[in-house]
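Those letters in the sequence shown? Residues 1 to 90, per UniProt numbering, in order. These notes concern the structure reproduced below.
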Amino acid sequence: MSKYLNDAYNLRLPAELKAQIAESAKAHNRSLNADIVLRLQQSFLNDSSVTPLEIMQKAEHFLAETMAMRAQVEQQLEKLTALLEQHSAK
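What follows is the structure, encoded as structure tokens:
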């Protein structure tokens with residue numbers, strides 16, 4: 001089982017577009033990947049063929065993914081805290 005929740009996809013971008021995305025990501029305190037994903041998600045949400053139910057389902061899915069990632073971060077933080085405490089005790 002992969003340690004990542006999502007599939008990886010290599011994407012070639014024109015340098016100018018990548019720079020624009022990087023600026024946006026920095027301005028919004030997001031990673032480059034998070035900014036790209038958000039923009040793609042918004043493009044689908046702006047699609048008039050998407051129903052409110054589908055939007056709600058997508059929101060619930062993204063919330064579940066976010067909660068899973070948060071749990072992983074909290075686990076890693078607990079491990080790091082324990083290691084730091086062990087190191088400090090020596």
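Note that beta-carbon positions come from the ideal geometry of N, C-alpha and C, so glycine has one too.
About 20 Å separates the Cβ atoms of I36 and I55, ruling out a contact at the 8 Å cut-off. The beta-carbon separation of A25 and L17, rounded to 12 Å, does not stay under the 8 Å limit for a contact. In this structure, the alpha-carbon of H28 lies about 29 Å from that of S49. Per DSSP, reduced to three states, the secondary structure at N6 is coil, with no helix or strand assignment. The three-state reading of DSSP puts S24 in helix, counting H, G and I together.
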